[in-house]
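Asks: Note that the sequence shown covers residues 482 to 868 in our numbering. Note that beta-carbon positions come from the ideal geometry of N, C-alpha and C, so glycine has one too. Before I ask anything, let me first share the structure, which is written out below as structure tokens.
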Amino acid sequence: MPPEAGNYGHKKNDGICNSVCGEPASKAMSRLKCALRGFDFRVLLALLIGVPMVLFMIYAHGQKVTYFLRPIWESPPEPFKILPHYYNENVTMENLCKLHGWKVRETPRRVFDAVLFSNELDILELRWNELSPYVSEFVLLESNSTFTGITKSLHFKENRHRFRFAESRLTYGMIGGRFVKGENPFVEESYQRVALDQLIKIAKIEDDDILIMSDVDEIPSGHTMDLLRWCDDTPQIIHLQLRNYLYSFEFFLDDKSWRASIHRYKSGTTRYAHYRQTDVLLADSGWHCSFCFRYISDFAFKMQAYSHVDRIKFKYFLNPERIQDVICRGADLFDMLPEEYTFQEIIAKLGPIPSTYSAVHLPSFLLQNVDRYRYLLPGNCRREKSG
Ligand SMILES: *[C@@H]1O[C@H](CO)[C@@H](O)[C@H](O)[C@H]1NC(C)=O
Ligand SMILES: *[C@@H]1O[C@H](CO)[C@@H](O)[C@H](O)[C@H]1NC(C)=O
Numbered sequence: 482m483p484p485e486a487g488n489y490g491h492k493k494n495d496g497i498c499n500s501v502c503g504e505p506a507s508k509a510m511s512r513l514k515c516a517l518r519g520f521d522f523r524v525l526l527a528l529l530i531g532v533p534m535v536l537f538m539i540y541a542h543g544q545k546v547t548y549f550l551r552p553i554w555e556s557p558p559e560p561f562k563i564l565p566h567y568y569n570e571n572v573t574m575e576n577l578c579k580l581h582g583w584k585v586r587e588t589p590r591r592v593f594d595a596v597l598f599s600n601e602l603d604i605l606e607l608r609w610n611e612l613s614p615y616v617s618e619f620v621l622l623e624s625n626s627t628f629t630g631i632t633k634s635l636h637f638k639e640n641r642h643r644f645r646f647a648e649s650r651l652t653y654g655m656i657g658g659r660f661v662k663g664e665n666p667f668v669e670e671s672y673q674r675v676a677l678d679q680l681i682k683i684a685k686i687e688d689d690d691i692l693i694m695s696d697v698d699e700i701p702s703g704h705t706m707d708l709l710r711w712c713d714d715t716p717q718i719i720h721l722q723l724r725n726y727l728y729s730f731e732f733f734l735d736d737k738s739w740r741a742s743i744h745r746y747k748s749g750t751t752r753y754a755h756y757r758q759t760d761v762l763l764a765d766s767g768w769h770c771s772f773c774f775r776y777i778s779d780f781a782f783k784m785q786a787y788s789h790v791d792r793i794k795f796k797y798f799l800n801p802e803r804i805q806d807v808i809c810r811g812a813d814l815f816d817m818l819p820e821e822y823t824f825q826e827i828i829a830k831l832g833p834i835p836s837t838y839s840a841v842h843l844p845s846f847l848l849q850n851v852d853r854y855r856y857l858l859p860g861n862c863r864r865e866k867s868g
């Protein structure tokens with residue numbers, strides 16, 4: 482049966498071609514002619530050039546297409562319940578607490594600031610100086626591996642002398658990377674966060690102490706931490722709404738940074754995390770300065786080292802001249818569209834971020850040390866190549 486069936490199929494095919502083209506199908510050339518007959522040559526040429534071009538466009542701009550269409554395939558997360566935030570330096574703590582519906586305490590809670598450190602030394606210095614008057618214990622963990630499994634130096638350890646003011650309150654930890662090839666970077670990231678949880682315990686945190694969970698570049702303002710440590714009845718967990726800046730305090734993007742969170746510690750329950758943990762968000766509580774680096778080489782390192790390496794579509798993205806140009810224009814290092822949930826917001830944010838000329842209400846240590854940190858201020862986008 483099988484041979485007969487195969488034979489039949491073969492005969493049948495030949496029969497079709499013969500009947501369509503009216504030629505014997507034995508010669509290869511005539512088979513080709515047969516295939517091309519009735520096919521306009523120009524259409525073929527257009528396909529040969531057009532199809533690869535379209536494929537390349539999808540490859541190069543696929544992210545843009547999917548991000549632009551995001552409002553169709555993804556609905557926005559539940560909006561936060563935003564708490565109004567009251568502050569002026571001349572209002573007493575008792576009144577500030579009252580304005581928020583809280584009572585003032587007799588003594589402040591202890592505050593622990595815990596971070597996973599990569600290489601952002603300058604931003605860490607701004608952060609710790611801003612928070613120093615309110616923090617009881619600084620907890621810092623660094624690894625010799627980036628989230629993407631690239632070996633890195635222990636930048637904090639090598640520059641520890643810059644942080645003498647914090648030394649007596651510092652719990653430092655180092656964790657060896659696992660260097661697993663081809664793994665999702667989020668796995669190494671959560672491994673490091675679990676280790677940070679251990680380090681916080683080593684720092685002797687106790688129930689009802691305040692724990693700041695945020696990346697190094699998400700800086701709560703000092704007065705925000707002062708309020709949260711002095712007032713009673715504050716929420717168990719509260720996210721901080723931070724002002725989003727890119728490259729420096731010249732490029733103010735929006736006020737939608739929300740990942741930083743403040744916890745009243747509960748042993749057995751509190752876990753170090755960097756995702757949404759509650760619905761409450763305290764308005765205008767600090768700054769999030771992304772890619773705020775001194776050297777061009779730091780930008781290239783960060784682009785390759787952290788969790789979105791897949792965004793480097795082309796090698797020239799890492800070209801120092803391109804990076805410098807992108808920084809000065811306030812454009813996107815990965816040539817991406819804004820990550821938004823409505824067409825209105827995507828379109829409003831298309832193109833580079835306009836410069837801001839306000840340097841009002843920035844971290845005080847920055848304005849007290851302008852000579853060292855000029856590159857973070859408006860009008861100073863040129864960067865040195867490397868340090
Ligand atoms: C703050 O309050 C003090 C005393 O009430 C007053 O002398 C001072 O002028 C006030 N400062 C500002 C900036 O309002
Ligand atoms: C990373 O650190 C661990 C622990 O100190 C060490 O065993 C390992 O050799 C280091 N790896 C590299 C590549 O430096």
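1) Identify whether W711 lies in helix, strand or coil by the three-state DSSP scheme.
2) What is the rounded straight-line gap between the Cα of P589 and the Cα of I719?
3) Quick one: Cα of Q673 to Cα of L709, how far?
4) Give me every residue whose Cβ sits closer than 5 angstroms to any heavy atom of ligand 2, in chain order.
5) To the nearest angstrom, how far is it from the Cα of V616 to the Cα of K796?
6) Report the start-end ranges of each alpha helix (DSSP H) in the region 630 to 674 that is 4 residues or longer and not cut off at the edges.
7) R523 to A541, Cα distance in whole Å?
8) Mind pulling the beta strand (DSSP E) runs of 3 or more residues that sit fully within the region 680 to 741?
9) Closer than 6 angstroms by C-beta to Y653: which residues in its own chain qualify, once you throw out the five before and the five after it? Chain order, please.
10) Please name the residue, chosen from D714, L528 and D678, that lies closest to K584 on a Cα-to-Cα basis.
11) Which value, in whole angstroms, describes the spacing of the CA atoms of P859 and V697?
12) Throw me the rounded Cβ distance for the Y726 and H769 pair, which I believe falls under 8 angstroms.
13) Relative to the C-alpha of N800, which candidate in K866, N850 and W739 has its C-alpha closest?
14) May I ask you to verify whether the region 690 to 707 touches the region 815 to 824, counting CB pairs closer than 8 angstroms and requiring at least 3?
15) Thinking C-beta only, is L607 closer than 8 angstroms to F846?
16) Within 10 angstroms of the Cβ of E664, are there 16 or more other Cβ atoms? Answer buried if so, exposed if not.
17) With burial defined as no fewer than 16 other Cβ atoms inside 10 Å of the residue's Cβ, what is the status of S500: buried or exposed?
18) If we count Cβ pairs, one from each stretch, closer than 8 angstroms, do we get three or more for the region 553 to 560 versus the region 570 to 581?
19) Could you tell me which whole beta strand (DSSP E) segments of length 3 or greater appear in the region 751 to 826?
20) For R650, which of D852, P835, Y856 and N610 has the nearest alpha-carbon?
21) Does E699 pass the burial test, meaning 16 or more other C-beta atoms within 10 Å, or should it be called exposed?
22) Is it buried or exposed for Q722, if we count other Cβ within 10 angstroms and need 16 for buried?
23) How long is the line joining the alpha carbons of S634 and V675, rounded to whole angstroms?
24) What is the residue span of the beta strand (DSSP E) that A595 lies within?
25) Tell me whether the beta-carbon of D736 lies closer than 8 angstroms to the beta-carbon of D760.
26) Measure from the alpha carbon of H744 to the alpha carbon of each residue in S738, D521, F730 and L763, then state which is nearest.
27) What would DSSP say about H744, mapped onto helix, strand or coil?
28) With a 10 Å radius around its C-beta and 16 neighbouring C-beta atoms as the bar for buried, classify W739 as buried or exposed.
29) Between the C-alpha atoms of R643 and L848, what's the straight-line distance to the nearest angstrom?
30) Cα-Cα, which of Q717, I656, R855 and R863 is closest to D603?
Replies: To lay it out plainly:
1) helix
2) 17 angstroms
3) 27 angstroms
4) N625, T632 and G657
5) 42 angstroms
6) 636 to 639
7) 27 angstroms
8) 691 to 694, 699 to 701, 718 to 721, 723 to 727 and 732 to 738
9) L621
10) D714
11) 21 angstroms
12) 7 angstroms
13) K866
14) no
15) yes
16) exposed
17) Residue placement at S500 is poorly supported in this model, since its pLDDT is 47, which falls under 50; the coordinates still yield a value, given next. Classification of S500: exposed, given that the 10 Å Cβ count is below 16.
18) no
19) 761 to 763 and 767 to 771
20) N610
21) buried
22) buried
23) 21 angstroms
24) V592 to F598
25) no
26) L763
27) strand
28) buried
29) 18 angstroms
30) R855
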